[in-house]
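**Student:** Counting from 94, one number per residue, gives the positions in the sequence shown under my numbering.
Attaching a single structure in structure tokens format; questions to follow.
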Amino acid sequence: SFLGLDQDERVKDALRNGIERWGSHNGASRAFSSVETNVLAEEKLAEWLGIEAVLIYPSVTLANVGAIPGLVGKQDIVVLDQHCHNSIQEGAKIAKANGSQVLFFEHCDPSSLAKVLQSAGKYRHALVAIDGIYSMSGVIPPLKELNKVCIDNNAILYVDDAHATGVVGTKGRGTVLDAVGNYENILLVGSLSKGFSCLGGFIGCTQEMKSLLKWKSNTFIFGGPVGPPYLDAICTVCDILSSGEYELIIGRLKRNLNILVQGLRSQGLQVLGGATPIVSVVVGDEEQTLKAGHILFQKGFYVQSVIFPAVPYHGGVLRIQVNANHRPDSVKDLVNAFKELQKEIEFPTAGLKNAA
């Protein structure tokens, strides 16, 4: 949980009250019925985001795997950033099996995207799919420039902003609105677990697109819904994010992030990210990456050892997640643990330019 809302008593109360009202589960697909709170949660999400409509899915993965092949057909193309999330790529595989052409452009490169779209030949519709933040590297793509290329080439920009939802941008609304200024040519995908501490994913769009997704997205039609108690909790989190309290919460998170990132960089380590609560430290060798994670775990720190194929071969990283509830002293203890770790693990260094 990025914002620590999993331990917030208001969120816990919303879950408890939801169970009392609805029980633990709604057994019907939303193609047949929805509980009242489902409508309210989507309305609150749309209001918080400043977007026309929102459609909730059981997860971000199911949103991507359902929406992408549902929106394109045999005369259409799907263009992916080379580093886009696995769930986007899985959705594109289904689209390809259904007859759509799937192409790739160079990572975060608007000129490469333009070349791919212009050389794709005649197409009816084009969907360009990217991440709002790339979670392993922390890179934020040039959204405004990519969207302009899409508009110039009659393409829709599909942004999986899961890692930014709740923690990046004004009121935590993610990367898109602050960068582009509107959602007019964009489908926005967000997470209801990472920042929200609840369950599910969503797509922000127009009312017309929402209706289309309900008809065309198989994971929405043929899958179960988010449990009603979580929908009540989502409404509660929307109220928190829309209030003045949000600045206090995000302030604590940014404080912890700053302690971590500056502390690691001061040691000369290669640190990726820092805009979101997920920060990666480059190790390289697979065996050393696994060993480093094990040593830290024995010292009381759980970080993820991420190796090939999740990252390039010999590109292993230690993936760290901080949240707003972590004590600053605990974050400092982790930074100090990395100092000790370097006595046993040889890390590639960032050099003086990136240190401190």
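For every residue, glycine included, the Cβ atom is placed at its ideal position computed from N, Cα and C.
Does DSSP classify T130 as helix, strand or coil?
**Tutor:** Your numbering for residue 130 matches position 37 in the sequence shown. Here T130 sits in helix by DSSP.
**Student:** Taking C-beta to C-beta, are L270 and G283 nearer than 8 Å?
**Tutor:** For this step, residue 270 is matched to residue 177 along the sequence shown. For this step, residue 283 is matched to residue 190 along the sequence shown. The answer is no: Cβ separation not under 8 Å.
**Student:** Return the chain-ordered list of same chain residues with a C-beta closer than 7 Å to the C-beta of E199, the five sequence neighbours on each side being excluded.
**Tutor:** Counting from 1 along the sequence shown, the entry for residue 199 is found at position 106. Around E199: Q175 and S205.
**Student:** Could you have a look at A146 and say whether DSSP puts it in helix, strand or coil?
**Tutor:** Translated into the one-based positions of the sequence shown, residue 146 becomes position 53. Note: A146 maps to strand in three-state DSSP.
**Student:** Which residue's Cα is closest to the Cα of F390: L411, E379 and G356?
**Tutor:** By 1-based counting over the sequence shown, the position of residue 390 is 297. The candidate whose alpha carbon is nearest that of F390 is L411.
**Student:** Who are L281's beta bridge partners in DSSP?
**Tutor:** Translated into positions along the sequence shown, residue 281 becomes position 188. DSSP, once it has assigned bridges, lists V252 and G297 as partnering L281.
**Student:** Looking at the unbroken alpha helix (DSSP H) that takes in D174, where does it start and where does it end?
**Tutor:** The residue labelled residue 174 in the question sits at position 81 within the sequence shown. D174 -> not in any alpha helix (DSSP H); beta strand (DSSP E) instead, spanning I170 to D174.
**Student:** Indicate the three-state DSSP secondary structure (helix, strand or coil) for Q397 in the structure shown.
**Tutor:** The residue labelled residue 397 in the question sits at position 304 within the sequence shown. Reduced to three states, the DSSP call for Q397 is strand.
**Student:** Just how far apart, CA to CA, sit L445 and K432?
**Tutor:** To locate residue 445, count along the sequence shown from 1; it is residue 352. To locate residue 432, count along the sequence shown from 1; it is residue 339. Unreliable positioning characterises L445 in this predicted model, as indicated by a pLDDT of 40, which lies under 50. The coordinate reading is nonetheless provided below. Computed Cα separation, rounded: 17 Å.
**Student:** Should S228 and I413 be called a contact, given that it needs their Cβ atoms to be closer than 8 Å?
**Tutor:** On the sequence shown, position 135 is the one that residue 228 refers to. On the sequence shown, position 320 is the one that residue 413 refers to. Their beta carbons are not under 8 Å apart, which means S228 does not touch I413 by this criterion.
**Student:** Rounded to a whole number of angstroms, what is the C-alpha to C-alpha distance between A368 and G231?
**Tutor:** Numbered from 1 along the sequence shown, position 275 holds the residue referred to as residue 368. Numbered from 1 along the sequence shown, position 138 holds the residue referred to as residue 231. For A368 and G231, the distance between alpha carbons rounds to 7 Å.
**Student:** Going by DSSP in three states, Y216 sits in which element: helix, strand or coil?
**Tutor:** The count along the sequence shown starts at 1 and reaches residue 216 at position 123. Coil, per DSSP.
**Student:** Specify, as a first and last residue, the run of the alpha helix (DSSP H) that G192 falls within.
**Tutor:** Sequence index remark: in the sequence shown, residue 192 carries index 99 (1-based). G192 -> no alpha helix (DSSP H), and no H or E assigned at all.
**Student:** Tell me the DSSP bridge mates of A222?
**Tutor:** Translated into positions along the sequence shown, residue 222 becomes position 129. Answer is L173 and Y251, bridged to A222.
**Student:** How far does the alpha helix (DSSP H) with R114 in it reach, from first residue to last?
**Tutor:** Within the sequence shown, numbered from 1, the residue matching residue 114 stands at position 21. E102 to W115 is the span of the alpha helix (DSSP H), which, as asked, contains R114.
**Student:** Using three-state DSSP, classify G231 as helix, strand or coil.
**Tutor:** Within the sequence shown, numbered from 1, the residue matching residue 231 stands at position 138. Coil.
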